[in-house]
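A.B. asks: Please find one structure pasted underneath; my questions will follow.
Chains as they are written, first to last, in the UniProt record's numbering: chain H, 1 to 750; chain B, 1 to 750.
This is how it looks when you write it as structure tokens:
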């Protein structure tokens, strides 16, 4: 044996020992803090400002909790109620106290966790199912097994931190009476909750996995990673949204839950609000696995989709960091949430040390009290932070990235970025909305054309216990609640989940190469059978416009004659309309079903010639909508709130263009954000639309030509090919005897 | 003649010369800048930051204007339109350019003013009345003589600054062809505009006075100070609001306009929005008079009411400096307006050097480029600024202070000040609202219970040329548009101005000595003949309430049976109600006239036992209203916006308590601002009302006793005497066999 060979063998051997150690070592802590990490943190206390600040505020919070005393009430309430909020607070406090024990090495924190754990241990064995019965998978501490899983994910970390503080017998008591039974309850006793592809299941998997790692229980870890082989779920069994609980051959467990909801681009099919919610279990378990089972290379799984998804999620925010409320999403949720604080830190440490993440962490102005948070705070102190640049981008949806997606256009405005978000994705699971080809528009953090979001007041007990309100189904999910086409007052797929889940829209093109002419376009052929819809949304920046303006073109081709409605939901007050309209003396709902029953019709008119123009005023800004309409189009003003016996809906206004008895048709609309009014100087500037005329000057099955004339008399023609998105194709059309030629699917000729 | 006598004579003589000089000296500038002031400013350039910053930004603004070139278009538009806004900009720019010429001593600024003046001079002689005919007193440059007066007030200052730059012959040309004809036009040719007690007249008087001072034209100055002896206004002649143009024996001119609208406390009867507007001419002319006619002692006039009124006006703002929108007032107007920048500076220099004003000037972050602004900036640099403390205060209305008034209660809340504004004033002139005993409530700068303000979009041309909308009369002025009692769906004085103008409410008591129990109370006997209303509003601070809560008691005594409505206008969305209510499938207006035609009735219910409680949610805050109602009371949810064919009204919600067939009755309501919801953590705290029960436990003609029981079981009893507000009186009532005794009109017994 030569030397090289000898060393090679020694190395292999060491490597084996190392790997073996990693797998079996029972160092504690090892989930998000490691012994090495703790040593480094302790050695640097007082030197890393952001870490020290978070530590100080956490310490003061936990010290106050310790003073307040431990409360472990008998479970009783829905979310928003006392027992729910107390148990929720308990697991959050335990986790933090555990970290403090490790970092500050003060016994009182370990003692606090230990005492609380033993109160839970005392209660658990005789605890029945939670008395509130609304959930399909009731928990014990909480009304949903989901929240019990939250509890275990956090508590596992607390247990990890005080593991070595406890005696062997104490650990045995806790594990036998509390942790293992709870892990089994979540999984074995709740297969419909645990063994699915769903954000709920991810929480379940991770709860079982995290406690499994601390307890060094390989069975639990296996069950977490790969699900349960036997779950008793019958073929064809559906959940209460009408979706299959399990598709044939469907895998389960953590890895399956990484596989399924994420596209290769890291887009989470349920949408950003739920991605944010899911992010924490994904990242915390990945981090724990990376620390304890590096052999699994979890962060490399599916081309590193977990780390990628965090970047994607950050891009799915407005300029203030608030998530676009695609599908069910409560407005206001943002990257300031604790899940994102955790994930941003983790993605920095375990990813490629993306310094853009550091600037997000700076804005969050806190870090996690663990290895990752320390690394972030240290890098910030070292001045490594750079801006996190959000670009115009298209994200694919679907496991393989072939199920449509979401396109975001970002264009610099005079004061704020104008942001457009178009959705042409798959159904998005049970939280999906029937909103094919819908979009929303922002100026900075202000919604100009809004997506309604969800009909729910999360954790506000007065409103249905903080749960989904029935108006979520009757209004928020319906197509009419979105800025997109509704055919015959129905919803996409007749709002049938199982049908909708089989289809997706298709991206036609996404091109943001020219910052002055950014375009996203997609097609939808299944939402209204027999009808093809093709939408083009462009942000166009021209010198004589204060801001990039939106050009919205929808081409509809149908086998039948239909009524098409195109609503735009805005905020603010109508300033002017260039057509006559009547406001009724008595308000009636616009329709009787599919969400129409929730709209008051507050005005109706028509424009006998040319363009309909409506301007409104919000946040001291003017917004003008100009649409090329025909004299037969009905122009309808609406307000949300009809048939709303509990005042569950926001009473936001809308403007709708309705075409009746139409087969093949176009909707062509421009929208400008302009002007400003200062209530102190009482001076308004640029308060009028800059578009004098918007005309369809060419249309056939292949092309459309739109002429835009400004008030100043400038002309531009937008030309678009509906059938060939190839960048290298050449197109020609003849308009008024003049030949226009261009390369690629679109052009804007001045 | 002894020495003393000799010196005495010399002194007298010198004094005479001095006075004479002051009166006749033609030093320029002398209005808001003096030669001495200019010298001091020039000597300190670059040393006084706030002054230098204002100077730099003004310079850059005027330099840009000079580059842009002069535009003096033929008058054509209403406010908001091009010619209006251009002429308005012109006088503002000329005034600033004049100041820059003096301070920087650069000829280009004088040249700019001169050239613009000569363009006006060229246009004026042949200029007809403004083509827009809506005003009762049309101008020439603008649609109202009022705006022409604005023009002259500012332009006089510009002329003063470049006076010495012009040749004698140039001055003569300007004075003969432009200034004197314009001054005569405003006054002699528009007596109904000029010779009244009205904020319009003040502008007219000051315009004539300012140009008179510069031209050293004593006739014009006399006309400004004391009005015109002959005005041809017929006795009994009324304006379009139905008010007498001139009461018999009424004086006119500047001093009369100081006498009349201000109470001795400095409250301006039209309300703060118009006081702000009027403040500029009052202060600028006072300053100019003080500099040129110190013999008039203008700042001492009527016990120094001008300076006092500025302090009063600053107190009529919320914590963000926004004026309470009493009477016609556009929301958002604040002490950041240019009128207040000017007035704050002037009040500092010409008043008692109130250092609190300096902190307001710091917030304004600009000063005027004149003697006063320099003094303020210098004092700030010297570190003299102190906080401007706004206290709870009652201001009297009426020339003699005997016509009711306005009471403001300010109480420290958990995060923000809770501010209550009660109005029990006189009619308030043509901009007055029929809102006797109304109030509004703020938390910091947020309106909790709102005063609607006016129905107008000032200077936004799309909305009726920026002028008053018809809904101002049909809605905003009506009693139902306010948080106060409406009898039989009518308005106070049947909304008849002439009647309303004869009466006022009466303060019953105002007591803010105890910060934990602040009270304002007033009575009204004329608004609904035969009915006496007595309202008590208390801000009560108790330990187990997050914020001071409002207790609102209204005692009504009538000769007849009536319907009484008490609306509360709020912002946000209903979270819960403790009574059953129906929401109609079809919305109808609540009534047919007096503003009721503008309210949609969106829900109605009743509470068969005890208290009606409604909670709503706004700005992440919860607000709960608890009212002691009877089973016959109708509880009505409303929304503003019916019969609004041009969408001129904001669609704000209201909650109304209606008592029918009532003669003598009480409304007793508590309102709590509590809790917080964080959309990022999704945690809501203190989201429920803390009041379990609100009961009237004692009532007779003299006393009322209200028992308040909290959720925690704490009891307190509020006792109030309606007939004896004397602080030294002793009262006794027996409740449930127990005798309660107290001193003064009210007490809160725990």
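Glycine residues also receive a C-beta, built at the ideal position from the N, C-alpha and C atoms.
All figures in this text were calculated on a predicted structure; none of them were measured in a lab.
Which residue or residues does DSSP assign as beta-bridge partners of residue 616 of chain H?
C.D. replies: Paired residue(s): H/574, H/623.
A.B. asks: Is it right to say residue 621 of chain B is buried, meaning 16 or more other beta carbons lie within 10 angstroms of its own, or is it exposed?
C.D. replies: Buried, by the Cβ-count rule.
A.B. asks: Starting from residue 285 of chain H, trace the alpha helix (DSSP H) in both directions and tell me its first and last residue.
C.D. replies: Note, residue 285 of chain H: alpha helix (DSSP H), 272-292.
A.B. asks: What is the rounded straight-line gap between the Cα of residue 210 of chain B and the Cα of residue 139 of chain B?
C.D. replies: Looking at the two C-alpha atoms, the distance is approximately 18 Å.
A.B. asks: Can you confirm whether residue 585 of chain B, when its beta carbon is compared against all beta carbons of chain H, has any partner nearer than 9 Å?
C.D. replies: With 9 Å as the cut-off, residue 585 of chain B counts as an interface residue toward chain H.
A.B. asks: What span of residues does the beta strand (DSSP E) with residue 224 of chain B cover, start to end?
C.D. replies: Counting along the chain, residue 224 of chain B falls outside any beta strand (DSSP E), though it belongs to the alpha helix (DSSP H) covering 218-226.
A.B. asks: Count the other CB atoms, across all protein chains shown, that sit within 10 Å of the CB of residue 126 of chain B; report buried if there are 16 or more and exposed otherwise.
C.D. replies: Its Cβ having fewer than 16 others within 10 Å, residue 126 of chain B is exposed.
A.B. asks: According to DSSP, is residue 210 of chain B part of a helix, a strand, or is it coil?
C.D. replies: Residue 210 of chain B falls in the helix class under three-state DSSP.
A.B. asks: What residues from the segment 631-647 of chain B come within 9 Å of chain H, judged by C-beta to C-beta, listed N to C?
C.D. replies: Residues 637, 639, 641, 642, 643, 644, 645, 646, 647.
A.B. asks: Excluding sequence positions up to five away, which residues of its chain have a Cβ less than 7 Å from the Cβ of residue 313 of chain B?
C.D. replies: Once the five neighbours on either side are set aside, the close Cβ partners of residue 313 of chain B are 272, 275, 276, 279.
A.B. asks: For residue 700 of chain B, is the classification buried or exposed, using 16 other Cβ atoms within 10 angstroms of its Cβ as the cut-off for buried?
C.D. replies: Classification for residue 700 of chain B: exposed.
A.B. asks: Could you confirm whether any beta carbon from chain B is found closer than 9 Å to the beta carbon of residue 650 of chain H?
C.D. replies: Closer than 9 Å: yes.
A.B. asks: Under 8 Å from any heavy atom of the ligand PLP, does the C-beta of residue 174 of chain B make it?
C.D. replies: This structure lacks the ligand PLP, and indeed carries no ligand of any kind.
A.B. asks: Would you say residue 98 of chain B faces chain H, with C-beta separation under 9 Å as the test?
C.D. replies: No, because no Cβ of chain H sits closer than 9 Å to the Cβ of residue 98 of chain B.
A.B. asks: Tell me the DSSP secondary structure of residue 741 of chain H in three-state form.
C.D. replies: Note: residue 741 of chain H maps to strand in three-state DSSP.
A.B. asks: Since residue 331 of chain H meets chain B, which of its residues come closer than 9 Å, beta carbon to beta carbon?
C.D. replies: Result: 679.
A.B. asks: Assuming residue 124 of chain B and residue 178 of chain B form a contact by the criterion Cβ under 8 Å, report the distance between their Cβ atoms to the nearest whole angstrom.
C.D. replies: Rounded, the Cβ-Cβ distance is 5 Å, consistent with contact.
A.B. asks: Compare the C-beta of residue 553 of chain B with all C-beta atoms of chain H and state if any pair is closer than 9 Å.
C.D. replies: No, no contact with chain H.
A.B. asks: Between residue 56 of chain H and residue 95 of chain H, how many whole angstroms is the CB-CB distance? I'm expecting something under 8 Å.
C.D. replies: About 17 Å separates the two Cβ atoms, so there is no contact after all.
A.B. asks: Mind checking who residue 422 of chain H pairs with in its DSSP beta bridge?
C.D. replies: DSSP output for residue 422 of chain H lists H/407, H/439 as bridge partner(s).
A.B. asks: When you compare the CB of residue 458 of chain B with every CB in chain H, is at least one pair closer than 9 Å?
C.D. replies: Answer yes: the Cβ-Cβ gap between residue 458 of chain B and chain H drops below 9 Å somewhere.
A.B. asks: What in chain B is Cβ-close to residue 575 of chain H, meaning under 9 Å?
C.D. replies: Near residue 575 of chain H (Cβ distances below 9 Å), the residues of chain B are 457, 460, 462, 463, 647.
A.B. asks: I'd like to know if the segment 395-404 of chain H and the segment 364-375 of chain H are in contact, where contact means that at least 3 CB-CB pairs between them fall below 8 Å.
C.D. replies: As far as the Cβ criterion goes, the segment 395-404 of chain H does not touch the segment 364-375 of chain H, which means the pair count is below three.
A.B. asks: Can you list the residues of chain B that residue 336 of chain H reaches, using a CB-CB cut of under 7 Å?
C.D. replies: Correct list: 680.
A.B. asks: Which residue wins for smallest C-alpha separation from residue 457 of chain B, given the options B/322, B/648, B/143, B/617?
C.D. replies: For residue 457 of chain B, the nearest C-alpha among the options comes from B/648.
A.B. asks: For the segment 583-617 of chain H, list every residue whose C-beta sits within 8 Å of some C-beta in chain B, in sequence order.
C.D. replies: Residues 583, 585, 586, 587, 588, 589, 600, 602, 603, 615, 617.
A.B. asks: Give the interface partners of residue 683 of chain H over in chain B, defined as CB-CB distance under 8 Å, in chain order.
C.D. replies: Neighbours of residue 683 of chain H on chain B, chain order: 85, 459.
A.B. asks: Quick check: the Cα distance between residue 172 of chain H and residue 215 of chain H, rounded to an integer number of angstroms?
C.D. replies: The straight-line gap from Cα to Cα measures roughly 10 Å.
A.B. asks: Is it true that the CB of residue 693 of chain B sits closer than 9 Å to the CB of residue 610 of chain B?
C.D. replies: Yes, the Cβ-Cβ distance between residue 610 of chain B and residue 693 of chain B is below 9 Å.
A.B. asks: Does DSSP put residue 605 of chain B in a helix, a strand or coil?
C.D. replies: Of the three classes helix, strand and coil, the one that applies to residue 605 of chain B here is strand, per DSSP.
A.B. asks: Taking only beta-carbon atoms, is residue 445 of chain H less than 9 Å away from chain B?
C.D. replies: Not one chain B Cβ lies under 9 Å of residue 445 of chain H.
A.B. asks: Under 9 Å, Cβ to Cβ, is there at least one residue of chain H near residue 688 of chain B?
C.D. replies: Taking Cβ atoms only, chain H reaches closer than 9 Å to residue 688 of chain B, which makes this a yes.
A.B. asks: By alpha-carbon positions, which one of B/236, B/256, B/254, B/257 ends up nearest to residue 248 of chain B?
C.D. replies: Of the listed residues, the one whose Cα sits closest to residue 248 of chain B is B/236.
A.B. asks: Using 10 angstroms around the beta-carbon of residue 521 of chain B, count the other beta-carbons present and answer buried if the total reaches 16, otherwise exposed.
C.D. replies: Classification of residue 521 of chain B: buried, given that the 10 Å Cβ count is 16 or more.
A.B. asks: When you compare the CB of residue 654 of chain B with every CB in chain H, is at least one pair closer than 9 Å?
C.D. replies: It does not: the Cβ of residue 654 of chain B has no partner Cβ on chain H nearer than 9 Å.
A.B. asks: Ordered along the chain, which non-local residues of its own chain (more than five positions away) have a Cβ less than 7 Å from that of residue 446 of chain B?
C.D. replies: 619, listed in sequence order.
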